[in-house]
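Asker: Here it is: the structure, laid out below.
Protein chains in written order, with the working numbering: chain A, 1 to 340; chain B, 1001 to 1710.
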């Protein structure tokens, strides 16, 4: 365990680290759509907020505030006007935290099982939450009860909204596509083009399709229109020889249409689906150090790009997990910000 | 002169005075000075005198004081010793000088003091002894050797005697106590030995000093009380055990008596039973009341009890079988099996006393015997009637046999039998009438219904009469029908020429002559005697028979139908089903009932096998039947089937013969997936529930947290 702290490896790309780090693994990251405010949720029940500022080439982070849940927090989402952030997790509820006004968090959504993913739907002013209780629930933040409860075939694992398109990935490799103009009915239900458990989904920015990542180190590019079916393909990533790692997060560049993947191998890569090219592979951090006993995984839980001025900035959050075989989890988490 | 110092002094004084005068003269002292000097001399001399007198006076006072003291002490000693004072000084009898007096009194005092010391020592000895004994009796374990306080003012002999008396009393008490303890210990020892207890342990519980035979024993009241209590307690235990043992012995004797146990076996326990009337103090044998011994006796009693119980059970079972035998013989309903089994279970579990059950059974048996006697006459008649019924049914069967006049082996016997049977049948109505009237009389007398194997005889007779009427009607109908058929054949022959009669079945030769041999076996069925080892199913079968109201019959019924296919062929199967069929009385319904019914329902199908026997019929039915008609029929008979055994129901459903090629999608949940996906999807459904990383981690976290929270 002591040999674990190979700090040189945890940050091979010389990224900027957001401090202070949460005490436990990061589970999700969200950037405010209006300001340089980063919110990270973590397994230590905390939702933390930093303000990221830039002066010249150097970056600085200032911790602003934090709230806590009763259980590990699994997901977060910003309201489109940047006034509030939502967080939800194992305590089966979602809280709205009016960050800008400095108000207290209020519970706005309840599920029967942990909430695993959520999104704000700007066109409808609704929050959608997906849970392991096999439902999607739409919430008006002013009401106690859900506006609508959508039954899912299985536990929700991931969801992505690009109004009016919403893609939901559930257990058993179901992918359900909703047209949010008619959220009561499923627009389409397909079986994942990948052969293994769905880990993450992301809708195309142009709403023509979505990406789906699985635990088997593979990403599927899927188009919704039947005429575009020939453009569908899958590709391997986050592999190292015979070692196959999970694809943990997918995110599109908000402007360029390229996307990034993060995997359990400790790497994050940039891709262009149209030219089927890998744009850049960042060097892997955190190789498993004590080889046999501690097969560690560096997990990029989430990745996001944000434009600040002319520079593209990338924020990664990494979580290092010791193998569960030794029954004690040694975790380390760092938030990092680097300039490309 | 020189001898007297005073004279000498005087002389000296005179000579000195003279010398003084000479000196004065010489000096020429004046007369005044001389006088003055002489006065001074005189005064100084006086002073010396006075001092000497004072001294002597003081000495005298001291002497007097010493005498007084000695006298006082002497007096006090004398008074303490209770003796008259030896020396009483009387002032008038004063003897001599003071010094003399003192010299006389001092030895006296010394003597008295010596005596006093002696007396005092005597007191001390006695008191010490008293103290010791008191300590012993009070039970203060440690002897505190404190000097007993002596009253110095009273050392008289009387007091000493008093003390001695007290001492003697105490010594007596002590010896009494020692004796008591010894007695108690003896008793205790004997009790312990009888009860098989450790004497030393018991005694040490009372007082540990008692166990030591050499050392001093505690003699206190407390010890004695405890000892007494222990003795009492042991005695109670002894009495208790003795009573228990005597109870056991009594039980043992009773059981021996009851079971005629041989003397050799009894001898072993003689020493127990001999004490059966002994009183508490008579039992002195060591270990004769120990726990182990009682347990041993108890075990023997329990064993004997078990032997007795099993014998009782045997007896109950024997009696019961006797009862059943009587019931069976007289066609009465025996006590139901389950009730009997319950009583046996109850006996085994000890809820019910077997003797009570036995008594009850015997009463029952005597009652049943009595009843059997009263039933005897009617029963004989019933037997006759039943045999007549059998004969009748045989005759009917025989009459149906178209080959009955074929000459063969034993044909003449059959003919003879038929003739006899006809006679008997003619007498049947009268017989029934007589039986009915007799039964009615019996019932009136007894005020109960006459039951024959659980069925009221009168209803049986009534039923028989009904059947008889029906049969006659059927005979008539058949005759008409035959006539009609005869005409039809005649017409056909007129038109197409002669044809073999359809009434002659093809397999005619193979047909077994049931009419000759069938009755003997089936009679047993109808009488139900052979079935009696299980009265319950028989009863049930009878009940069912009543319910079905004769529409169904036995394997024999099936035979009858099968045996006459040609005649029934043209009849509508439905009609045939609905018409109440001829039924043999009291024949139990067997599992073939439905099978035979099915046969009736499908006569066309069965024509080829029509001459086969009952067993064949069942199997013929079991072959897949593709006839829709029969399926329909079967559905109609659903209610009937419910009553059949599962085996029958299974065989009743010939549906498996329908082709299995029509695809039956097992799980046809409509899915928008294409076939390819569907195929992949289905097997994965059967996989174990999948979990995401987060779910696993949460589960792990909760698991690892919970022990801490607990």
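A virtual CB, placed ideally from N, CA and C, is assigned to each residue, including glycine. Being a predicted model, the structure only gives us computed values, none of them experimental.
How many Å lie between residue 1187(B) and residue 1156(B) at the Cα?
Answerer: 47 Å
Asker: Are the C-beta atoms of residue 289(A) and some chain B residue less than 9 Å apart?
Answerer: Because the pLDDT of residue 289(A) is 21, which lies under 50, any placement of that residue in the model is unreliable, and the number read from its coordinates should be weighed accordingly. Judged by the 9 Å Cβ criterion, residue 289(A) is not in contact with chain B.
Asker: Is residue 1160(B) near residue 1134(B), with beta carbons less than 9 Å apart?
Answerer: no
Asker: Kindly indicate if chain A contains any beta-carbon less than 9 Å away from that of residue 1692(B).
Answerer: yes
Asker: Give me the subset of the region 106-129 of chain A whose CB atoms are less than 9 Å from a CB atom of chain B, sorted by chain position.
Answerer: The residues in question are 114, 116.
Asker: Would residue 63(A) and residue 24(A) be called neighbours here (beta carbons separated by less than 9 Å)?
Answerer: no
Asker: Can you list, in chain order, the residues of its chain whose CB lies under 7 Å from that of residue 114(A), leaving out five sequence neighbours each side?
Answerer: 74, 89, 90, 92, 131, 132
Asker: With 7 Å as the C-beta to C-beta threshold (strictly closer), list the residues of the region 142-166 of chain A near chain B in chain order.
Answerer: Shown in chain order are the members of the region 142-166 of chain A whose Cβ falls below 7 Å from a Cβ of chain B: 157.
Asker: In whole angstroms, what separates the C-alpha of residue 238(A) from that of residue 60(A)?
Answerer: The alpha-carbon atoms of residue 238(A) and residue 60(A) are separated by roughly 30 Å.
Asker: Give the interface partners of residue 1695(B) over in chain A, defined as CB-CB distance under 7 Å, in chain order.
Answerer: One finds 132 in chain A with Cβ atoms closer than 7 Å to the Cβ of residue 1695(B), taken in chain order.
Asker: Buried or exposed, going by whether 16 or more other CB atoms sit within 10 Å of the CB of residue 1477(B)?
Answerer: Exposed is the call here.
Asker: Can you say whether residue 117(A) is buried or exposed, counting buried as having 16 or more other CB atoms within 10 angstroms of its CB?
Answerer: buried
Asker: If the criterion is Cβ atoms closer than 9 Å, does the pair residue 1109(B) and residue 1074(B) meet it?
Answerer: yes
Asker: Within the continuous alpha helix (DSSP H) that includes residue 258(A), where are the two ends?
Answerer: Note, residue 258(A): premise wrong, no alpha helix (DSSP H); not H, not E.
Asker: So if DSSP puts residue 131(A) in a beta bridge, which residue, or which two residues, is it bridged to?
Answerer: 115(A)
Asker: For residue 96(A), is the classification buried or exposed, using 16 other Cβ atoms within 10 angstroms of its Cβ as the cut-off for buried?
Answerer: buried
Asker: Is it buried or exposed for residue 1390(B), if we count other Cβ within 10 angstroms and need 16 for buried?
Answerer: buried
Asker: Can you give me the C-alpha to C-alpha distance between residue 1313(B) and residue 1298(B), rounded to a whole angstrom?
Answerer: Take the alpha-carbon of residue 1313(B) and the one of residue 1298(B): they are about 22 Å apart.
Asker: So which residues on chain B does residue 197(A) lean against when the C-beta distance must stay under 7 Å?
Answerer: In chain order: 1690, 1692.
Asker: Is residue 63(A) helix, strand or coil when you go by DSSP?
Answerer: strand
Asker: Whose C-beta lies closer than 8 Å to the C-beta of residue 1424(B) among residues of the same chain, with five residues either side of it excluded?
Answerer: 1388, 1391, 1392
Asker: Quick check: what's the CA-CA separation for residue 1381(B) versus residue 1465(B)?
Answerer: Computed Cα separation, rounded: 16 Å.
Asker: Rounded to whole angstroms, how far is the Cβ of residue 121(A) from the Cβ of residue 163(A), which I believe are closer than 8 Å?
Answerer: 6 Å
Asker: Which residue comes first and which comes last in the alpha helix (DSSP H) that contains residue 1242(B)?
Answerer: 1221-1259
Asker: Going by the DSSP bridge assignment, what does residue 1332(B) pair with across the sheet?
Answerer: Bridge partners of residue 1332(B): none, in fact.
Asker: Taking 9 Å as the CB-CB cut-off, is residue 72(A) touching chain B?
Answerer: yes
Asker: Using a C-beta cutoff of 9 Å, does residue 1670(B) count as contacting chain A?
Answerer: Its pLDDT being 34, under 50, residue 1670(B) is placed unreliably by the model, and the measurement read from it follows with that caveat. No, no contact with chain A.
Asker: Would you list the one or two residues that DSSP bridges to residue 1444(B)?
Answerer: None, per the DSSP bridge assignment.
Asker: Flag this pair as touching only if the region 1242-1249 of chain B and the region 1282-1294 of chain B have three or more C-beta atom pairs under 8 Å; answer yes or no.
Answerer: yes
Asker: Enumerate in chain order the residues of its own chain whose CB-to-CB distance from residue 187(A) is below 7 Å, with the five nearest sequence positions on each side excluded.
Answerer: 177, 178, 179
Asker: State the start and end residues of the unbroken alpha helix (DSSP H) segment that holds residue 1103(B).
Answerer: 1098-1138
Asker: Should residue 1331(B) be labelled buried (16 or more other beta-carbon atoms within 10 Å of its own) or exposed?
Answerer: buried
Asker: In the DSSP assignment, the beta strand (DSSP E) including residue 1399(B) goes from what residue to what residue?
Answerer: Segment 1354-1400 is the alpha helix (DSSP H) holding residue 1399(B); no beta strand (DSSP E) there.
Asker: Should residue 160(A) be labelled buried (16 or more other beta-carbon atoms within 10 Å of its own) or exposed?
Answerer: buried
Asker: Given a limit of 8 Å on CB to CB distance, which residues of the region 166-179 of chain A reach chain B?
Answerer: 171, 172, 173
Asker: So with Cβ pairs under 9 Å, would you call residue 76(A) a contact of chain B?
Answerer: no
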